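*Asks:* After the structure tokens below, expect a handful of questions from me.
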Amino acid sequence: MRENTAEILELANYKVITAQNGKEGVHLTNEFNPDLIICDIMMPELDGYGVLHLLSKDEHTANIPFIFLTAKAEKEDYRRGMTMGADDYLTKPYDDVELLNIVEMRLKKSERLKRQFERSAKGLDQFIEEAKSFDLIAKLAEDKKVKTLRKKETIYTEGSFPSCVFFLQKGKVKAYKSNGSGKEYITDLFKEGDFFGYIDLLQGEAYQESAIALEEAEVSMIPKDDFFNLLQGNREVSSKFIRMLSNEIKDREERLLHLAYNSVRKRVAQALVTLVQRYQEDKAKPFSMSITREDIASMVGTATETVIRTLSDFKEERLIDMKGSLITVFEYEKLARMRN
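Start counting the sequence shown at 4; every next residue gets the next number (this note's numbering).
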């Protein structure tokens, strides 16, 4: 069966690598990183479920499309394989047309999701349309609503319960936490093309922070049910979406580290560097943004008066300029070096 399957695929101009058992298959997968895996369930050394389990735990192999082969047509086997993350199922005996059709379909779908989608409203719609083409996702984000926000308008508040995931189409948004006395600490900044408000939704908890528009903005709201369909319905789609959602986690960790150990001067420099990194691609050009001193103090974790004095020092050193709430960064590289 293995030799016949390989021969059919080779006649269709596919390059095929075969393994005699599950352990050898895992080894060859790590060595060659194939575009697709066809795996029997009943095998010596390591069965198909074991192969899928091992490969799904490795970030380098977890996203490879995986098709199970089995002589059993029982629903229990089908459910178990799909629950573990298999992409499709082929019951033996099968003919060459069935084999080639399923391989071609899975490769095409995998290739579409490997594409990089533009981080914009158009890119979101394009990604959703691609996700809709998968069998297990019949209705994704058709009820997606777009909301226009005024400057300082609240999007959600700490303690309320999430019902959707937000995608920022236009503008700037901050997320922040408040202590008992009402003092804020900004936990994140979002720009066009960012998803936010999803962590608490995944945990099934109330929001641990609030979100508010820093300027006029537009957000798309993806309903909770559609979001979970996207994550749970197909392994390839969930992997792509999770990568999109996790872009800012590393930045947040680094900011918290700087906040814990750096001086106020370094932390203010870090806040300005963060603004440039979040909202401007070309770091060589001067960056300007209207932002209150209170918001910068919330990023830095210190008093507003301390931030004002430090910004005045930076202005005297010609690192920045200030006109009202507008701050212009001239020396991004010097500020970036200063925070270290």
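Using N, Cα and C, we set each Cβ at its ideal position, and we do this for glycine too. Bear in mind that the values here come from a model prediction, so they are computed numbers and not experimental data.
Out of Leu14, His63, Val168, point me to the one whose CA is closest to Ser223's CA.
*Replies:* The candidate whose alpha carbon is nearest that of Ser223 is Val168.
*Asks:* Can you tell me whether Val100 is helix, strand or coil according to DSSP?
*Replies:* Residue state, collapsed to three classes: helix.
*Asks:* Buried or exposed: Ile323, going by 16 or more other Cβ atoms within 10 Å of its Cβ?
*Replies:* Its Cβ being crowded by 16 or more others within 10 Å, Ile323 is buried.
*Asks:* Helix or strand or just coil, what does DSSP make of Arg9?
*Replies:* For the sequence presented, residue 9 should be read as Ala rather than Arg. It is helical.
*Asks:* What residue range does the beta strand (DSSP E) around Asp324 cover?
*Replies:* Segment 323 to 326, the beta strand (DSSP E) holding Asp324.
*Asks:* Would you mind stating whether Lys269 and Met341 have Cβ atoms separated by less than 8 Å?
*Replies:* In contact: Lys269 and Met341 (Cβ atoms closer than 8 Å).
*Asks:* Would you call the CB atoms of Ile158 and Ile202 closer than 8 Å?
*Replies:* It is not a contact, given that the beta carbons lie outside the stated cut-off.
*Asks:* Below 8 Å, how does it come out for the stretch 54 to 61 and the stretch 96 to 104: are there three or more Cβ pairs, yes or no?
*Replies:* With the cut-off at 8 Å, the stretch 54 to 61 and the stretch 96 to 104 do not touch.
*Asks:* In terms of residue numbering, what span does the alpha helix (DSSP H) encompassing Ser184 cover?
*Replies:* Element bounds for Ser184: n/a, residue is neither H nor E.
*Asks:* Three-state secondary structure (DSSP) at Tyr159?
*Replies:* Three-state DSSP puts Tyr159 in a strand.
*Asks:* Is Glu319 near Thr307, with beta carbons less than 8 Å apart?
*Replies:* Contact: no.
*Asks:* Where does Ile105 sit, in a helix, a strand or coil, going by DSSP?
*Replies:* Ile105 falls in the helix class under three-state DSSP.
*Asks:* For the candidate residues Asn7, Glu62, Glu195, Gly200, whose alpha-carbon lies nearest to that of Phe230?
*Replies:* That would be Gly200, whose Cα lies nearest to the Cα of Phe230.
*Asks:* Are the CB atoms of Glu156 and Lys180 within a distance shorter than 8 Å?
*Replies:* No, these two residues do not count as a Cβ contact at 8 Å.
*Asks:* Assign Gln206 to one of three DSSP states: helix, strand, or coil.
*Replies:* DSSP places Gln206 in helix when its eight states are reduced to three.
*Asks:* Would Met302 and Ile330 be called neighbours here (beta carbons separated by less than 8 Å)?
*Replies:* Result no, Cβ atoms of Met302 and Ile330 do not sit closer than 8 Å.
*Asks:* Kindly indicate which three-state DSSP category Met292 falls into: helix, strand or coil?
*Replies:* Three-state result, Met292: strand.
*Asks:* At what residue ranges does the stretch 298 to 341 contain a whole run of the alpha helix (DSSP H), taking only runs of 4 or more?
*Replies:* Whole alpha helix (DSSP H) segments, 4+ residues: 307 to 319, 335 to 341.
*Asks:* Determine the closest residue to Glu6 out of Gln23, Ala15, Asn16, with distance taken between C-alpha atoms.
*Replies:* Checking every option, the nearest Cα to that of Glu6 belongs to Gln23.
*Asks:* Under 7 Å from any heavy atom of the ligand GTP, does the C-beta of Gly196 make it?
*Replies:* You won't find the ligand GTP in this model; it holds no ligand whatsoever.
*Asks:* Would you identify the three-state DSSP class for Val19, choosing helix, strand or coil?
*Replies:* Val19 falls in the coil class under three-state DSSP.
*Asks:* In whole angstroms, what is the alpha-carbon distance linking Gly183 and Thr305?
*Replies:* In a straight line, the C-alpha of Gly183 is about 16 Å away from that of Thr305.
*Asks:* To which residues of the same chain is Tyr335 closer than 6 Å at the C-beta, ignoring the five residues directly before and after it?
*Replies:* Only Val279, Lys286 meet the Cβ criterion.
*Asks:* Do you know whose CA, among Ser166, Leu275, Glu284, lies nearest Ile299's CA?
*Replies:* Selected option, being the one with the closest Cα: Leu275.
*Asks:* Please report the distance separating the alpha-carbon of Leu110 from that of Asp38.
*Replies:* Answer to the nearest angstrom: the Cα atoms are 7 Å apart.
*Asks:* If we call anything under 8 Å between Cβ atoms a contact, is Ser163 one with Ala209?
*Replies:* Against a cut-off of 8 Å, the Cβ pair of Ala209 and Ser163 comes out as a contact.
*Asks:* Does DSSP classify Leu278 as helix, strand or coil?
*Replies:* In the structure shown, Leu278 sits in a helix (DSSP, three-state: H, G or I).
*Asks:* Check for me: the beta strand (DSSP E) holding Thr32 runs from which residue to which?
*Replies:* Premise fails: Thr32 lies in the alpha helix (DSSP H), 25 to 35, not in any beta strand (DSSP E).
*Asks:* Which class does Gln172 belong to by DSSP, given the choice of helix, strand or coil?
*Replies:* If DSSP states are grouped into helix, strand and coil, Gln172 belongs with the strands.
*Asks:* Thinking just about the alpha-carbon of each residue, which of Ile41, Asp191, Thr151, Arg83 is nearest to the one in Ile67?
*Replies:* Ile67 has its Cα closest to that of Ile41, out of Ile41, Asp191, Thr151, Arg83.
*Asks:* Need the endpoints of the alpha helix (DSSP H) that Leu55 sits in, please.
*Replies:* Counting along the chain, the alpha helix (DSSP H) containing Leu55 begins and ends at 51 to 59.
*Asks:* Using 10 angstroms around the beta-carbon of Leu14, count the other beta-carbons present and answer buried if the total reaches 16, otherwise exposed.
*Replies:* That one is exposed.
*Asks:* Lys227 by DSSP, collapsed to three states: which one?
*Replies:* Residue state, collapsed to three classes: helix.
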